[in-house]
Every structure is written in structure tokens, then in C-alpha cells.
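In my numbering, the protein residues as written are 132 to 415.
All C-beta atoms in this analysis are idealised placements derived from N, C-alpha and C, irrespective of residue type, glycine included.
Predicted model, so just to flag it, every value in this text is computed and none were measured.
In what follows, a single structure is set out as C-alpha cells and then discussed.
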Amino acid sequence: LLVGGQTRTPLVAQTVERIFGKTPNRDINPDEVVAIGAAIQGGIIRGDIKDLVLLDVTPLSLGIETHGGLFVKLIERNATIPTKNTQIFTTVVDNQDTVEIHVLQGEREIANENRSLGRFELVGIPPAPRGVPQIEVTFAIDSNGIVSVSARDVATNQSQTIQINPAGGLSKDEIERLVQEADRFAQQDAVKREQRRMKNRIEGLIYANEKVYNQFRDALADRDRKKISETLVRARVALGSDLRADLETALYDLNSISRQLSEMMLAKAGDGGLGSRPNPTPDA
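What follows is the structure, encoded as C-alpha cells:
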């Protein structure tokens, strides 16, 4: 079936016949088909038609890049539109006053393997320790397929928004190629994702343990200070490795000194001291 006024052009019909090896069906009016489809869709959007549903879907997943170069999906592939989803993220360094939102489209686990759709910044975040600010990121797709991405600082209600047409520039073949690539590299991407998640946890434990260590180091024996200091140094070195064994060792050692510092803090609290447990902050 040929749909749309341009299909009246003889060359278009000849090209279709050559590609598919079949003579196109000309029994329908190509202009009326478009008009009827648009009228039905308009009636559905207005709510005038309730017993017929035409489903538009997102051809590829949409999301953002997070700490460690990971891709977090907020709208999954083949989600029916219009649709909307919100997720909370946070900062990765102390007193971070700006967050960059990198909008991506694709199916790969690693951010730089997906299609970049745009970037924008949320500025003016009040000074706070890492992991404390709450940044609400919302993806909304309207009935025309236009994507609005917003980032809002929950504390100040300050926000920033960008609008994107993710369908632009991608053919059906290109979309299918991207989906097939994601399937082909799924196992490899899963390994990379786990490596980066482990590194994020190591960074969080280094930050939390170092903060408590600096607060209570004078109360530690020389032997304990040396052990904790050396563990923190080895953990930083492990961040440069992609070997799972190195990362697992660093996590084990960091959790060990975390328990030691927690026990010491509980003892200090019993003596009237104050402190907070050295837990890692959430991934951002």
C-alpha cells in the first residue's frame, strides 16, 4: 500500500516495485488515508474516540549519564506514549553547585556507547556534602513524540528544562542496528557496568571512612592509624584497575575498617562523643 501524496509520483511507485518485487496496490486514495489517520489520532487525543487505540511507542530507551559513565534508563524502549517518569539523583562531590544532565538514547549499559541527544546544567545548588542534595530528573514524552527533560533541586525548587525530538535523524534500519548491537555486546557491557558500580562503591567508602578517620584519628592507636591510612591508599590505587579481584579486595578492606571505625564511634558515643556511621553515599 502506498500512503501519502508523494507516492503518486511514478518514480516512487517504480522504485517500490523494484525493491519489493511486487506491484504496489493502488486501490486506496493515498491522501485520504493520511487524513483519516490524523483525524482518528486527533479524536483519541481529545477523548472523543474511546473504543479505538493507536499505540505510538518509543523506538529506543531514553535516559541520562550518571557517575562512572553509566547509562540509567528513565523511559524504556517500546514504552507507549504519551508517558512520563521521574527519578531522584544526587551529587558526587562536596559543595557541588552545578549538575550536568547528559540526555542519551539507546540500549547500551555504558553511556558513551549510546546516542547523545543534548546536555544542560542545573546551577545554584546550595553547598552540602556529597549525596545530600536531591536532584529530581523527569522525562516526559507528549503525543507528538517530543521529549521534555527537566532537572529540579528539591531543596530550592530551582529547575531547568530541555526539549528534544529523539526520532530525528534515525531510520528504521539504524534503530534496528542499535538494538542488535546492544544484544551483541550485552555480556561485555554487563562486565563494564559491574566494574564501574564497584568503583563507585569504593569511592563512596573512601569518602565516608576518610571523613570519620580524620575526625577521630587522635583517638586511634598508632597501629590502627597506619592500617587505616594504608587501606585508603590501596583503595585509591585499586580505582585505576579493571581487575575484579583488585576491586573486591579494596571493598573488603574498606568495609573492614568501616566496621572498626563504627565500633570506635559507638564507644565514643557511650562516653558522650558524637559521630555518624561511615556509610557510602548513593551513586549519582
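Indicate whether at least one CB of chain D lies closer than 8 Å to the CB of Leu397.
The chain labelled as chain D is not found in the depicted structure, where only one protein chain is given.
| query | Does the beta-carbon distance from Leu253 to Ile295 come in below 8 Å? | reply | Here Leu253 is not near Ile295, since their CB atoms are 8 Å or more apart.
Subject >> Burial state of Thr140 (16 or more Cβ within 10 Å) >> reply: In this structure Thr140 is exposed. Its beta-carbon is surrounded by fewer than 16 other beta-carbon atoms within 10 angstroms.
(message) Report the CB separation of Ile272 from Leu191 in whole angstroms; it is logged as a contact under 8 Å.
(response) At roughly 12 Å, the Cβ-Cβ gap does not stay under 8 Å, so Ile272 and Leu191 are not in contact.
| message | I'd like to confirm the pairing. Which residues does DSSP put opposite Arg250 in its beta bridges? | response | BP columns for Arg250 point to His233.
Legend entry - Boundaries (first-last residue) of the beta strand (DSSP E) holding Asn245: Taken as a continuous stretch (DSSP letters only), Asn245 belongs to no beta strand (DSSP E), as it is neither H nor E.
Straight-line CA distance for Ser372 to Gln326?
Cα-Cα distance, rounded: 9 Å.
| said: To the nearest angstrom, how far is the alpha carbon of Asp384 from that of Leu378? | reply: Whole-angstrom Cα-Cα distance: 10 Å.
Check: At what residue ranges does the segment 313-376 contain a whole run of the alpha helix (DSSP H), taking only runs of 4 or more?
Finding: You should have 317-347, 353-369.
- May I ask you to report which of helix, strand or coil DSSP gives Asn216? Note: Asn216 maps to strand in three-state DSSP.
DSSP on Ser279, reduced to helix/strand/coil? Looking at Ser279 - three-state DSSP - the assignment turns out to be strand.
> So is Ala366 buried or exposed if we call it buried at 16+ other beta carbons inside 10 Å?
Replying inline: Buried, by the Cβ-count rule.
Between Asp284, Gly200, Arg390, Lys215, which lies nearest to Ile206 when the distance is taken from Cα to Cα? Nearest neighbour of Ile206 by Cα position, chosen from Asp284, Gly200, Arg390, Lys215, turns out to be Lys215.
Does DSSP put Thr412 in a helix, in a strand, or in coil? The predicted model places Thr412 with a pLDDT of 42, which falls under 50 and marks its position as unreliable, so this point remains unresolved.
Quiz item: Identify the residues that DSSP records as bridge partners of Gly152: which are they?
Solution: Looking at the DSSP assignment, Gly152 forms no beta bridge with any residue, so it has no partner.
Inter-stretch contact (C-beta, 8 Å, three-pair minimum) for the segment 133-148 and the segment 161-174
These segments touch.
>> I'd like the span of the beta strand (DSSP E) that includes Glu240, first residue to last.
In response: Unbroken run through Glu240: none, as it is neither H nor E.
- Message: In whole angstroms, give me the CA-to-CA distance for Glu341 and Ala282.
- Response: About 31 Å.
Closest to Glu240 by CA distance: which of Glu394, Asp349, Phe316, Gln311 is it?
Of the candidates Glu394, Asp349, Phe316, Gln311, the one whose C-alpha sits nearest the C-alpha of Glu240 is Phe316.
Contact belief for Ile232 with Arg250 at Cβ below 8 Å, rounded distance in angstroms = 7 Å between Cβ atoms; contact.
Problem - Beta-carbon contacts of Asp355 that lie in its chain and below 6 Å, excluding the five residues immediately before and after - result: No residues qualify anywhere along the chain.
Handout entry: Beta-carbon gap between Ala259 and Ile333 smaller than 8 Å
Key = Result no, Cβ atoms of Ala259 and Ile333 do not sit closer than 8 Å.
>> Here's the rule: buried if 16 or more other CB atoms are within 10 angstroms of the residue's CB, otherwise exposed. What is Asp284?
In response: Buried, by the Cβ-count rule.
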